[in-house]
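Residue numbers (the working numbering): 53 to 281.
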């Protein structure tokens, strides 16, 4: 029986060359796994490309909600998200788990060393800034966002309720427009804003008590807590 190997693949040509070389050396069939972590790539195109390149099967999974709920939120609550604002380590852990699951389903071997994450719904590695305006070029007028939390979960922006993934996307757009979230070789507007809001609101309280709103002002790359309530 021909061996099958499941590779995580983001769509890059260099990564495919490594995948093909490994599969050829082992006379194995290629199965690919591509995860939608909110990185903004056209994943259907990635799937089509994998099949065109010779993969026998190409899986695309939308894990944005799972990533936000099961990985980002606990990191926010533990106040460890600041050390990894785009959640690369969290996403890598999730990707490795999904690779194992798909490999089990395919009766294949997972290529754990193929997992690489450069972007999530929280932000991305900044080889070029695409999510954030340069602070000097950001609007001169500030914007204020009021984030509502219920039992530690951010649930609304400026009084409008929305799912967590959408809330993160909106904060990315607003914060990025005002130049917020440029860090050391990454950009993560939503994470920067959520970390500041949660820290202000939590203030040592137990998780089930973390409910209320925090207003944050955004201006030319800076973010300032205006009013907790």
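Ideal Cβ placement from N, Cα and C applies to all residues, glycine included.
Worksheet item: When you compare each of 72, 147, 277 and 177 to residue 89 by their alpha carbons, which one comes out closest?
Response: Taking the first residue of the chain shown as 1, we reach residue 89 at position 37. Nearest of 72, 147, 277 and 177 to residue 89, Cα basis: 147.
Practice prompt. Give a yes or no on whether the C-beta atoms belonging to residue 87 and residue 115 are separated by under 8 angstroms.
Written response: For this step, residue 87 is matched to residue 35 along the chain shown. For this step, residue 115 is matched to residue 63 along the chain shown. Result yes, Cβ atoms of residue 87 and residue 115 sit closer than 8 angstroms.
Worksheet item: DSSP three-state call for residue 138: helix, strand or coil?
Response: By 1-based counting over the chain shown, the position of residue 138 is 86. The answer is coil: DSSP assigns residue 138 none of H, G, I, E or B.
Worksheet item: Thinking C-alpha only, which one of 270, 54 and 64 is nearest residue 81?
Response: Taking the chain shown and counting its residues from 1, one reaches residue 81 at position 29. When only C-alpha atoms are compared, the closest one is 54.
Worksheet item: Quick one, are the C-beta atoms of residue 151 and residue 162 less than 8 angstroms apart?
Response: Position 99 of the chain shown, counted from the first residue, corresponds to residue 151. Position 110 of the chain shown, counted from the first residue, corresponds to residue 162. Against a cut-off of 8 angstroms, the Cβ pair of residue 162 and residue 151 comes out as a contact.
Worksheet item: I think residue 50 touches residue 233, with their Cβ atoms under 8 angstroms apart; what is that distance to the nearest whole Å?
Response: Outside the shown range of the chain, which is 53 to 281, sits residue 50, and nothing can be said about it.
Discussion item. Considering Cα atoms alone, identify which of 241, 263, 265 and 75 is closest to residue 175.
Written reply: Along the chain shown, one-based indexing puts residue 175 at 123. Selected option, being the one with the closest Cα: 241.
Worksheet item: Using 8 angstroms as the threshold, is the stretch 90 to 102 in touch with the stretch 186 to 205, meaning 3 or more CB pairs across them?
Response: no
Practice prompt. Since I believe residue 268 is in contact with residue 249 (beta carbons under 8 angstroms), could you give me their beta-carbon distance rounded to a whole number of angstroms?
Written response: On the chain shown, residue 249 is found 197 positions in, with the first residue counted as 1. On the chain shown, residue 268 is found 216 positions in, with the first residue counted as 1. At roughly 6 angstroms, the Cβ-Cβ gap stays under 8 angstroms, so residue 249 and residue 268 are in contact.
Worksheet item: Which same chain residues, not among the five before or five after residue 272, have their C-beta less than 6 angstroms away from its C-beta?
Response: Reading the chain shown from its first residue, position 220 is the one you call residue 272. Excluding residues within five positions, the ones whose Cβ falls inside 6 angstroms are 187, 190 and 231.
Discussion item. Using only CA atoms, which one of 112, 77 and 66 lies nearest to residue 84?
Written reply: Counted from its first residue, the chain shown places residue 84 at position 32. Considering only alpha carbons, the answer is 112.
Practice prompt. Give the range of the alpha helix (DSSP H) segment to which residue 72 is assigned.
Written response: Position 20 of the chain shown, counted from the start, is the residue given in the question as residue 72. From DSSP, the alpha helix (DSSP H) with residue 72 extends over 65 to 77.
Worksheet item: Which whole-angstrom value is the C-beta distance of residue 217 and residue 120, which I expect to be below 8 angstroms?
Response: As a working mapping, residue 217 is identified with position 165 in the chain shown. As a working mapping, residue 120 is identified with position 68 in the chain shown. Between residue 120 and residue 217 the Cβ distance is about 5 angstroms, and since that is below 8 angstroms, they are a contact.
Fill in: Which listed residue (145, 277, 125 and 159) has its alpha carbon closest to that of residue 109
The residue given as residue 109 occupies position 57 in the chain shown. Comparing Cα-Cα distances from residue 109 to each of 145, 277, 125 and 159, the minimum goes to 159.
Practice prompt. Could you pull the start and end residues of the beta strand (DSSP E) that residue 99 belongs to?
Written response: The residue labelled residue 99 in the question sits at position 47 within the chain shown. From DSSP, residue 99 is part of no beta strand (DSSP E) but of the alpha helix (DSSP H) over 95 to 105.
Worksheet item: Span of the beta strand (DSSP E) holding residue 118?
Response: Reading the chain shown from its first residue, position 66 is the one you call residue 118. Element bounds for residue 118: not the beta strand (DSSP E) but the alpha helix (DSSP H), 116 to 119.
Worksheet item: With burial defined as no fewer than 16 other Cβ atoms inside 10 Å of the residue's Cβ, what is the status of residue 178: buried or exposed?
Response: By one-based count along the chain shown, residue 178 stands at place 126. Counting Cβ neighbours within 10 Å, residue 178 comes out buried, since at least 16 surround it.
Item to complete: Name the residue from 79, 106 and 78 whose alpha carbon lies nearest to the alpha carbon of residue 68.
Response: To locate residue 68, count along the chain shown from 1; it is residue 16. Of the candidates 79, 106 and 78, the one whose C-alpha sits nearest the C-alpha of residue 68 is 106.
Worksheet entry | residue 281 versus residue 209: straight-line alpha-carbon distance, rounded | Within the chain shown, the letter at position 229 stands for residue 281. Within the chain shown, the letter at position 157 stands for residue 209. Residue placement at residue 281 cannot be trusted, given a pLDDT of 48 that sits under 50; what the coordinates show is reported in the next sentence. Approximately 14 angstroms between the Cα atoms of the pair.
Worksheet item: What is the DSSP secondary structure of residue 230, counted as helix, strand or coil?
Response: Stepping through the chain shown from its first residue, residue 230 is reached at position 178. Three-state result, residue 230: coil.
Discussion item. In the DSSP output, what is residue 86 paired with across the bridge?
Written reply: In the chain shown, counting from the first residue as 1, residue 86 sits at position 34. BP columns for residue 86 point to 112.
Worksheet item: How many Å lie between residue 133 and residue 251 at the Cα?
Response: In the chain shown, the residue the question calls residue 133 occupies position 81. In the chain shown, the residue the question calls residue 251 occupies position 199. Looking at the two C-alpha atoms, the distance is approximately 11 angstroms.
Worksheet entry | Where residue 191 falls: helix, strand or coil (DSSP) | Residue numbering aside, residue 191 sits at position 139 when the chain shown is read from its first letter. If DSSP states are grouped into helix, strand and coil, residue 191 belongs with coil.
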